[in-house]
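J.: Shown below is the structure under consideration.
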Amino acid sequence: MSILQPLEMIWDEAMSFNESLNVPVRWKRAHRIGRMKRKVWADGYRSNSTEHVLLMEDLHDGRLKRKAGQFLCGTRITNKNAHLILNMGGDDEERSKRIKVDCPKCLEVAKRWQEKSN
Ligand SMILES: [Zn+2]
11 MSILQPLEMI WDEAMSFNES LNVPVRWKRA HRIGRMKRKV WADGYRSNST EHVLLMEDLH
71 DGRLKRKAGQ FLCGTRITNK NAHLILNMGG DDEERSKRIK VDCPKCLEVA KRWQEKSN
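Numbering (the working numbering), first residue to last: 11 to 128.
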């Protein structure tokens, strides 16, 4: 078995996983940007590697209400400027989904839509 999978295979797998979450609005995969010690955004950008569902549109589903720009799990956004530029801007939605969402809370919330689609 080769150690290195072609990148496309990894992307494909992540994208079909993310697709299966069945989130009903536009979203991106993103992580929380922490506070930065030195004034370099990249520091904060790297500091937390949990990958969340970041909503690009307002979401209302029963009692679940989130606004565009919030994480599905409700994780607080502590660095608003960096979040706006690096998360809301930055990668396009399609490209962001080449990495799997692995936040347990986001995945937990997304279960409701997976069950509906079955
Ligand atoms: Zn999350």
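Beta carbons are placed, not taken as given, at the ideal position from N, Cα and C, and that holds for glycine. For clarity, every value in this text was computed on a predicted model and none was experimentally measured.
With contact counted as at least three CB pairs below 8 Å, one residue from each stretch, are the segment 66-82 and the segment 17-27 in contact?
T.: No, they do not touch.
J.: Figure out for me which residue from G84, P114, R122 has the closest Cα to the Cα of L64.
T.: With distances taken between Cα atoms, L64 lies closest to G84.
J.: Please name the residue in P16, Q124, M66 whose C-alpha comes closest to that of R39.
T.: That would be M66, whose Cα lies nearest to the Cα of R39.
J.: Which of the three DSSP states is assigned to L133 in this structure?
T.: Because the chain is modelled from 11 through 128, residue 133 falls outside the range shown and cannot be assessed.
J.: Heavy atom of ligand 1 less than 7 Å from the Cβ of L82, yes or no?
T.: Within the cutoff, so yes.
J.: When every heavy atom of ligand 1 is checked, does at least one fall within less than 7 Å of the C-beta of K121?
T.: K121: no, Cβ never under 7 Å from ligand 1.
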